[in-house]
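In this note's numbering, the protein residues as written are 33 to 262.
Quick reminder that beta carbons are idealized off the backbone N, C-alpha and C, glycines included.
The structure appears below as structure tokens.
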Ligand code: 5RP
């Protein structure tokens, strides 16, 4: 990754801190940009040691816990997180997002939906005109149904590919919730209708399309940040 992109991620992560100081419960997403935010939280122990965190993945859970932060389980948590901060793979100017490169889309969408404010931190390379321009759309599928789901997606010309592990394990990626990730290599002209179509297929647990789930996207550049709001 170029150092310009790294700098841009750092700037977006720094800006995101401002959205966290007033929160009591903070939801934390997954990925390399969020990793930078977690590191910054770790440097401000005084401001964050009394706060409660909820994690969108084991990866984030481990990172938060290793800094001694208070991570609470979400099971039976009735209070909504005050704010949720996460990265994204693609973002349009009207705040439609693709997420899920890290395979955490199901828990990420749950946290985004149930949090009072949803903030995303991205570098400038994530801005696109059309979703699917640069990255595939991940969907999370129950293993029991995966063969039939694949056939259905092929029939609908959605260009599916089961995501395979690159290292550490042979075979398909298995998510933190025990599901398979299928990536759809398509340009998405109508995200709302695609979301409906995909959710109508039994076995598809969640999609990486985040529609109406963003209150702000902080876009980092090497020398500045922009904040896109609805
Ligand atoms: C994980 C995600 C990530 O938030 C998304 O992939 C962005 O990651 P990065 O900040 O590393 O580019 O959706 O499931």
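| Query | Result |
| --- | --- |
| Exposure of residue 219, with buried meaning 16 or more beta-carbon neighbours within 10 Å | exposed |
| Same chain only: Cβ atoms within 7 Å of residue 145, ignoring 5 sequence neighbours per side | 245 |
| Check: residue 131 C-beta below 6 Å from any heavy atom of the ligand 5RP | yes |
| Residue of 206, 153 and 122 minimising C-alpha distance to residue 162 | 122 |
| According to DSSP, residues forming a beta bridge with residue 172 | 213 and 238 |
| Three CB pairs or more closer than 8 Å across the stretch 204-220 and the stretch 136-154 | yes |
| Buried or exposed (CB count within 10 angstroms, at least 16 for buried), residue 153 | buried |
| Nearest residue (CA-CA) to residue 188, options 233, 156 and 167 | 233 |
| Backbone CA spacing between residue 115 and residue 55 [nearest angstrom] | 7 Å |
| Exposure of residue 202, with buried meaning 16 or more beta-carbon neighbours within 10 Å | exposed |
| Start and end residues, alpha helix (DSSP H) containing residue 41 | 35-49 |
| 8 Å Cβ shell around residue 49 - same chain, five flanking residues per side excluded | 69, 72, 73 and 76 |
| Proximity test, residue 64 beta-carbon vs the ligand ADP heavy atom, cut-off 6 Å | Because the ligand ADP does not appear in the structure shown, any question about it cannot be addressed here, the ligands present being the ligand 5RP. |
| Spatial distance of residue 230 from residue 241 (CA atoms) | 10 Å |
| At least three beta-carbon pairs within less than 8 Å, the stretch 35-53 to the stretch 90-110 | no |
| Boundaries (first-last residue) of the alpha helix (DSSP H) holding residue 246 | Premise fails: residue 246 is in no alpha helix (DSSP H) and is neither H nor E. |
| Proximity below 7 Å, CB of residue 236 to CB of residue 173 | yes |
| Beta strand (DSSP E) segments (min. 3 residues) lying fully within the stretch 68-132 | 84-87 and 115-118 |
| Pairwise C-alpha distance: residue 223 and residue 250 | 21 Å |
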